[in-house]
Amino acid sequence: MISRYTRPEMAAIWEAQTRFKIWFEIEAHAADALAELGVIPKEAAKAVWAKARDVIFDVARIDEIERETKHDVIAFLTHLAEIVGPEARFVHQGMTSSDVLDTCLNVQLTRAADLLISDIDRVLAALKKRAFEHKMTPTIGRSHGIHAEPVTFGLKLAYAYAEFTRARERLVTARHEVATCAISGAVGTFAQIDPRVEEHVAKAMGLRPEPISTQVIPRDRHAMYFATLGVIASSVERLATEIRHLQRTEVLEVEEFFSEGQKGSSAMPHKRNPVLSENLTGLSRMVRAYVTPAMENVVLWHERDISHSSAERMIAPDATVTLDFALNRLAGLIDKLLIYPENMLKNLDRLGGLI
Numbered sequence: 029m030i031s032r033y034t035r036p037e038m039a040a041i042w043e044a045q046t047r048f049k050i051w052f053e054i055e056a057h058a059a060d061a062l063a064e065l066g067v068i069p070k071e072a073a074k075a076v077w078a079k080a081r082d083v084i085f086d087v088a089r090i091d092e093i094e095r096e097t098k099h100d101v102i103a104f105l106t107h108l109a110e111i112v113g114p115e116a117r118f119v120h121q122g123m124t125s126s127d128v129l130d131t132c133l134n135v136q137l138t139r140a141a142d143l144l145i146s147d148i149d150r151v152l153a154a155l156k157k158r159a160f161e162h163k164m165t166p167t168i169g170r171s172h173g174i175h176a177e178p179v180t181f182g183l184k185l186a187y188a189y190a191e192f193t194r195a196r197e198r199l200v201t202a203r204h205e206v207a208t209c210a211i212s213g214a215v216g217t218f219a220q221i222d223p224r225v226e227e228h229v230a231k232a233m234g235l236r237p238e239p240i241s242t243q244v245i246p247r248d249r250h251a252m253y254f255a256t257l258g259v260i261a262s263s264v265e266r267l268a269t270e271i272r273h274l275q276r277t278e279v280l281e282v283e284e285f286f287s288e289g290q291k292g293s294s295a296m297p298h299k300r301n302p303v304l305s306e307n308l309t310g311l312s313r314m315v316r317a318y319v320t321p322a323m324e325n326v327v328l329w330h331e332r333d334i335s336h337s338s339a340e341r342m343i344a345p346d347a348t349v350t351l352d353f354a355l356n357r358l359a360g361l362i363d364k365l366l367i368y369p370e371n372m373l374k375n376l377d378r379l380g381g382l383i
């Protein structure tokens, strides 16, 4: 993530403090379930919540511990024990690190999907408004980039509306696909923990239990999620490319809104460049680039390895943050897009009445 292309709402999902809060909630809900089952004292589970529910975790301290332990979950649990005290010995019983890491990641991905769905709704609202405004605005349709037959500009926007409607449906499906929880212990056998703990944690975290898990939640779920983001990015680029083509000087049927004081070129002050559309093209390329490692992460060894971990720590925040920014930029671009019906009519007559 870089701040230039980051919105705070999405960035907050991936901040270390948020991650540790989710880790705590997973551990505390598991402790509640263990207490109800009589595995640990109920007072211990209550103490975990009472002493750490509203704590701001010391990220620097956790990092310090991790430099020694070389293990992020152990570092967190050590810091949690510093906060909770003796009752911390009842935390994480029967669990393995993947239970915390994978469940947390899926919580973050579902929250990110909720924001992205809202972003798509903004794009759809802008497209619908502008499509109705120009449902009777004639323009030339082009095939192979060449004048073909007349269409309306509203129809062009309706194409995009239908495409982003499909994108929304796919994202809802991808969100459901990744909204699973695994609290099944080492190699996923429940040998040291009751499956009812998983059911309790899943319900508390807004997830559902993984039906058949190894030690990790299977990464085909995540591959589907990131592939969906990649397809959405391609839809963003398709619309951005259409705007770039239609803003060319010799076409000029549409133009990006140019704010007061905005400059187009340090050398050519007359220029009004389609910089937002070009920016969206580049951002879309980045989101698609994250799909390949997500696909490769499916191929883990036996019941678990961590070859996926380093990749996911980068692609999960970067893909969701970048697409979130792109969708919001696209919604604003469509909403303020300058549309020139008179130029569309001139272009319709470029072939001297042949069309």
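At position 47 of the sequence shown the residue is numbered 75 (the numbering used here), and the sequence of numbers has no breaks.
We treat Cβ as the ideally placed atom computed from N, Cα and C, and that holds for glycine.
For residue j and residue i, the rounded distance between their alpha carbons
i: VAL83; j: GLU55; result: 14 Å
i: LYS184; j: LEU358; result: 16 Å
i: TYR368; j: ALA210; result: 55 Å
i: MET372; j: PRO166; result: 7 Å
i: ALA59; j: GLU53; result: 10 Å
i: HIS336; j: LEU129; result: 12 Å
i: LEU143; j: LEU280; result: 34 Å
i: ARG316; j: PRO114; result: 48 Å
i: ALA72; j: GLN220; result: 19 Å
i: ALA39; j: GLY169; result: 40 Å
i: ALA186; j: THR208; result: 35 Å
i: PRO178; j: LEU382; result: 11 Å
i: ALA409; j: ASP222; result: Within the shown structure, residues of the chain are numbered from 29 to 383, placing residue 409 beyond reach of any answer.
i: GLU284; j: LYS364; result: 7 Å
i: LEU274; j: LEU257; result: 26 Å
i: ILE334; j: LYS70; result: 34 Å
i: SER262; j: ILE271; result: 14 Å
i: ARG247; j: ALA322; result: 8 Å
i: LEU133; j: ALA116; result: 23 Å
i: HIS107; j: GLU92; result: 10 Å
i: PHE254; j: LEU328; result: 17 Å
i: THR193; j: ALA153; result: 11 Å
i: ARG313; j: VAL76; result: 45 Å
i: HIS162; j: VAL282; result: 12 Å
i: GLU370; j: LYS231; result: 58 Å
i: MET164; j: GLU340; result: 47 Å
Cβ-based neighbour list, residue i, same chain, cut-off 8 Å, excluding 5 preceding and 5 following
i: VAL259; result: ALA195 and ARG198
i: ASP149; result: ARG196
i: LEU24; result: Outside the shown range of the chain, which is 29 to 383, sits residue 24, and nothing can be said about it.
i: HIS228; result: HIS57, ALA58, ASP60, ALA61 and GLU64
i: THR138; result: ARG203, VAL206, ALA207, GLY234 and LEU235
i: THR269; result: SER305 and THR309
Burial state of residue i, where buried means 16 or more other Cβ atoms lie within 10 Å
i: VAL135; result: buried
i: ALA103; result: buried
i: THR277; result: exposed
i: SER338; result: exposed
i: MET233; result: buried
i: LEU366; result: exposed
i: LEU379; result: exposed
i: TRP51; result: buried
i: THR350; result: buried
i: HIS204; result: exposed
i: PHE160; result: exposed
i: HIS172; result: exposed
i: ILE240; result: exposed
i: ASP377; result: exposed
i: SER90; result: One detail in the question is off: residue 90 reads as Ile in this sequence, not Ser. Classification of ILE90: buried, given that the 10 Å Cβ count is 16 or more.
Neighbourhood of residue i by C-beta distance below 7 Å, restricted to the same chain and skipping five residues each side
i: THR124; result: GLY213, ALA214 and GLN243
i: GLU331; result: VAL215, GLY216, THR242 and GLN243
i: ASP346; result: MET29 and TYR318
i: GLN121; result: LEU62, VAL67 and ILE68
i: ASP352; result: ARG35, MET38, LEU143, LEU144 and ASP147
i: ILE111; result: LYS79, ALA80 and VAL83
i: PHE286; result: ARG300
Own chain residues within Cβ distance below 6 Å of residue i, not counting five before or after
i: ALA188; result: LEU155 and LEU267
i: LEU361; result: LEU304
i: LYS49; result: none
i: MET296; result: Because the pLDDT at MET296 is just 49, under 50, the model does not fix this residue reliably, and the value given afterwards should be weighed accordingly. Here the set comprises nothing.
i: MET252; result: ALA202 and GLU205
i: LEU311; result: THR350 and ALA354
Bounding residues of the beta strand (DSSP E) (the contiguous stretch that carries residue i)
i: ILE168; result: 166-171
i: GLU177; result: 174-180
Cβ of residue i within 9 Å of any chain E Cβ
i: LEU274; result: Absence of chain E from the displayed structure is noted, only one protein chain being present.
Residue i - containing alpha helix (DSSP H), residue span
i: PRO36; result: 36-42
i: TRP329; result: Here TRP329 belongs to no alpha helix (DSSP H), and DSSP marks it neither H nor E.
i: ILE260; result: 248-274
i: THR97; result: 87-97
i: GLU161; result: 125-161
i: ARG316; result: 303-317
i: LEU355; result: 337-364
i: VAL120; result: The residue you asked about is not Val; residue 120 is His in the sequence shown. Here HIS120 belongs to no alpha helix (DSSP H), and DSSP marks it neither H nor E.
i: ALA219; result: Here ALA219 belongs to no alpha helix (DSSP H), and DSSP marks it neither H nor E.
TODO: Kindly confirm or deny that the stretch 29-49 and the stretch 83-98 touch, where touching means at least three C-beta pairs closer than 8 Å.
DONE: Yes, the stretch 29-49 touches the stretch 83-98.
Open item on the list: Under 8 Å, with one C-beta from each stretch per pair, do the stretch 57-71 and the stretch 98-112 reach the 3-pair mark?
Closed with: Remark: fewer than three beta-carbon pairs, one from each stretch, lie closer than 8 Å, so the stretch 57-71 and the stretch 98-112 are not flagged as touching.
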